[in-house]
Amino acid sequence: GAGVGKGRQLAGCILDGVARGRGRHLWFSVGTDLRVDAERDLQAVSCHIPVLDGCRGLDALQKKAFGGPTLKNAVLFATYATLVSAATTKKQSRLDQLVAWCGGPSFDGCVIFDEAHRAKNFDASNEEASTKVSRAVRALQDKLPLSRVIYASATGVSEIKNMAYAERLGLWGAGTSFADFKTFADTLEKRGVGALELLALELKSSGAYVSRGLAWQRCEFERWTCDLDKEASDAYDEAAAWWRGLRRALDRAITRTQLRGAAAGTARQRFWGAQLRFFREVQTAAKVPYVAERAKEAVAAGKSVVVGLQSTGEAGLRDVMAEAHAKVGDAAPGLVAAARSSARAFVQQHFPVQPAPEPLEEIDDAVVRKILTTDRGPPSAEHVARWKAARRAAAEKQGEPIPELVALRDAILQRLDDLPVPPSPLDDLIDRLGGPDTVAEMTGRGLRVARKNGRYRYEQRFDASRDQDSTTTNLRERAAFQDGKKRIAIISDAASTGVSLHAAIGSKGAQHRRVHVTLELAWSADKCIQQLGRTHRSHQATAPVYALLATDLGGEARFAAAVAKRLASLGALTKGDRRAASGQDLGDFDLDTPQGRDALKNVARACRDYGRDPRSVAANVDPDGAENDALRAAVAMARDAARARSTRRAAYDAFAPYLYEEAPQLYNASDETSMLAAAAHHAYDTLDLEPKKDGDVRLFLNRLQATPVADQKLLFQYFSVAHAAVVKAAKAAGSYDAGLASVRASSVVVNAVTTVDVDAVSGASTKLYELTLDRGASFDAAQDQLRTGRANARPGDNDPDATRRSFRGAGFYISNHTNTRTKRPYIMMAVRKANAAQTFLITRPNTGANATELFAHDIISKYTCHAGGLPSASDEEREQLRKAWTLEYESSHNQDNGGRLKRLGLVAGNVLPLWPALAQTVAERQVEMNKEDQRLRAVRVVLPSETIVGVRFPTHVLNTLRAALAQRSRQRAAHARQHVRAEPP
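Numbering (UniProt numbering), first residue to last: 1 to 985.
Shown next as structure tokens:
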């Protein structure tokens, strides 16, 4: 987890190595400024050895002045950028220089990969497609086979495919159950999230994985809502219309200039990139005035403020200043709207106005030589190359610009100049908060526009008289903030990883409680954890206040609310047990899941089928959905916006025909279903998504940002409703993977425990448990659930005068038909599901709480409410209910079909090394196993003295399973005897 003290633990590992005679160690992290933190942590554990600057040190190594023979103990601190950068000599790469400093393959010191998630993008099936960092990390481990490798990160593995860099864990390869990483990843991904949690627990039990997380109980979580006013909404809609018009105009220009193939694809791809950058900056900028006022209030109240964002907008600033021929140090007319600059740059550079050149047919060199051969003989190779280059240049020379397209481009740029685009959020926020002298900026940018003495200047962010670069500036700015000299800090994604900005005990600024404002909340759960971890860390005087800020655009407000609610109840965010404290983590709000992709496909299919069957749009809406009222409001808003657009016109120019479109089918719809269908179809059409991209959630969310405000709200709300319906259906079908599932039972008896394998190296054992579960619910237990469930009652649920037939609330119910085996009617207890109008959770005496839910109309048509469960029931009616329930409870104390008792086997402990035995059992006895058991899902069984996590098996296949486990165990023991070797000292 973020802020738990990983640096001190890593320093302790180095101290242990030095004490054992291993003097040299490597420490990698994401930024050179974190070297100061590494030195601090080493000194804190009394490890007083030099920490060398890797980048400068590797260059000095060539001069024999670095790491000489007398320097036996040292830590070489380097960044991942250094690891993949080019060396100053052509003889060695940086990687080779590092290996040479270590002493070659015999090196047995520590290699620490701090913030190891930077190496996660490794493609085992196609190494060339992997990032340079991931390849270099793997290569370094191969070149130093005896090194002791430590992977450290708050978000090291968000997906199984991101584990490829962690090859030293010994989970795949020779002597394991998986031949290579691809086999390992494919096997675990098929088993769902539960298998990944099982993996984490196994690694912890074997000593290969340490997971800690700070409790969040003392933190406070607030939601700050920054709703766009009418002026801001209208400005946003104008920008959306401009980009929509530009998209149509670009298609027209591509057709008119006959741009083909890759050239046309590149132009469109650059369009989408420019559009995304524009709206991300505009959305962030819209929140700046609100954040500035709230930050001032917090400082006045004695707090210190940290504002987190993802990007700085420096590239746009450079473009504006380059266009104005401004140099660093020149005066600036004011704050720069970098979003406008990036849009202008796209139009100027990539909007085609000249006819594309004709396709050039390649000519073989032999033909060229024949053409150029004269009486003097054949041409030289250089002559052939020059001739072909001249021919290519002549063919690529474009024709004269097309006047129609030139006029269109000029009109587009004129409309862009008229758009009310806000200034860059970072510079605007710093300016509103008092300027650089008041605000500590920790970002990766080097240039900015700042106001001093009432005048704006284009300047370098770092002071050349004191700082070498922006990294040194960040260290100085952080010190000023931690000492309380500056009470407001702004951090970006590029410069905030690993940075400590908490109210550290002993620091001069410890008395100022931190208020952490998420100006730009990342959609990625990983980045959320990293950003929030800057101000909540160990050794703090006070826990922070988190202000999760959101506008009402798209799904931002909904996501921020969900994050705030979850964080408020979490005791930990990332642990082997995802259910730590509350049972879930930020990943639960990730829409890019199988259910999210299915829901988006349903939305796309329905919207595309609108013309053929308008009712298909409504088919994705659950009649009992909790968000249906919000969807109706969004539809009405979209209708009103469409009516307003139909009457809005601007001065006519060459761009005007591309800007506006009618949607009479929307604002003329006569009923609610038709209105929803028309609104969703119209809004989805504005995204310009290709059918093959219909299930791409991230692309959908990116494109959604560039639609008008009303369309954003409608489409996201419709997507949310469709997503809820898909999740509900998956849960009902038993296919929803919510991670490690708990086996439901009122009591569990352990009949037998057999140790089937013991790992020769770690000593971790694998055990086979034979359990008997009692799933039943006694009458007293059912009454307790009923009392709790009535907290969700609706008006009329508990009306004492309600008849048995019409009563719809929580209570006990008797079926209208009898059980053919017992000749008695079924009995159950129903409580209303929280936040659901017509859905009930069911409990039965023989099976306890059921995963299956019932709608109110099903209960009314098939059951009669038992009077003994009503608040107005007489003592005689209550006793009749108790007897009826108890009879079913006691008579089902058996293992028959529908009985309370159920036996199962559970393979727990060190399971992964024996996975082939589990798969072999499924293959041999597949016909006798249901689909749920065939999936080899991991489950949790809670006993009075312990919690067992393992893979469940039905008892009738346990003999086959025992034989397979014994065979696999013998194979592992034989391999261990053949390959055992002494560990390095």
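Positions of the beta carbon are idealized from the N, C-alpha and C atoms, including for glycine.
Here's the rule I'm using: 16 or more other beta-carbon atoms within 10 Å means buried, otherwise exposed. How should residue i be labelled?
i, result
"residue 400", "exposed"
"residue 412", "buried"
"residue 187", "buried"
"residue 377", "exposed"
"residue 7", "buried"
"residue 348", "exposed"
"residue 600", "buried"
"residue 575", "Note on residue 575: pLDDT 32, under 50, position unreliable in the model; no value is reported."
"residue 22", "buried"
"residue 431", "buried"
"residue 806", "Note on residue 806: pLDDT 44, under 50, position unreliable in the model; no value is reported."
"residue 974", "exposed"
"residue 977", "exposed"
"residue 585", "Only weak support is given to the placement of residue 585: the predicted model assigns it a pLDDT of 41, under 50, and the value that follows is read from those uncertain coordinates. With 16 or more other Cβ atoms within 10 Å, it is buried."
"residue 602", "buried"
"residue 757", "buried"
"residue 760", "exposed"
"residue 383", "exposed"
Nearest to residue i by alpha carbon, out of the options?
i, options, result
"residue 282", "176, 638, 869, 520", "520"
"residue 107", "298, 148, 722", "148"
"residue 893", "500, 153, 772, 814", "772"
"residue 657", "252, 119, 968, 234", "252"
"residue 604", "722, 636, 538", "722"
"residue 439", "306, 676, 385, 518", "306"
"residue 906", "887, 885, 201, 938", "938"
"residue 271", "702, 838, 786", "702"
"residue 201", "960, 967, 974, 949", "949"
"residue 885", "928, 831, 322, 782", "782"
"residue 19", "476, 195, 73", "73"
"residue 815", "844, 655, 832", "844"
"residue 95", "810, 207, 141", "141"
"residue 847", "776, 881, 889", "776"
Indicate whether residue i and residue j have their beta-carbon atoms separated by less than 8 Å.
i, j, result
"residue 911", "residue 766", "yes"
"residue 812", "residue 829", "yes"
"residue 820", "residue 891", "no"
"residue 993", "residue 102", "Nothing about residue 993 can be read from this structure; the chain reaches only from 1 to 985."
"residue 16", "residue 35", "no"
"residue 137", "residue 119", "yes"
"residue 472", "residue 481", "no"
"residue 684", "residue 222", "no"
"residue 292", "residue 501", "no"
"residue 516", "residue 544", "yes"
"residue 405", "residue 256", "yes"
"residue 317", "residue 423", "no"
"residue 28", "residue 113", "yes"
Thinking residue i and residue j are a contact (beta carbons under 8 Å), I'd like their distance in whole angstroms, please.
i, j, result
"residue 42", "residue 51", "7 Å"
"residue 850", "residue 842", "5 Å"
"residue 492", "residue 443", "4 Å"
"residue 679", "residue 704", "That pair is no contact at about 14 Å."
"residue 922", "residue 934", "5 Å"
"residue 236", "residue 228", "7 Å"
"residue 706", "residue 346", "No, residue 706 and residue 346 are not in contact; Cβ-Cβ is about 13 Å, not under 8 Å."
"residue 314", "residue 447", "6 Å"
"residue 606", "residue 617", "4 Å"
Tell me, which residues are paired with residue i by DSSP?
i, result
"residue 25", "75"
"residue 814", "827, 864"
"residue 114", "152"
"residue 768", "754, 907"
"residue 481", "For residue 481, which the question treats as bridged, DSSP gives no partner whatsoever."
"residue 839", "855"
"residue 442", "491"
"residue 371", "Partner(s): none; residue 371 has no beta bridge."
"residue 948", "941"
"residue 222", "547"
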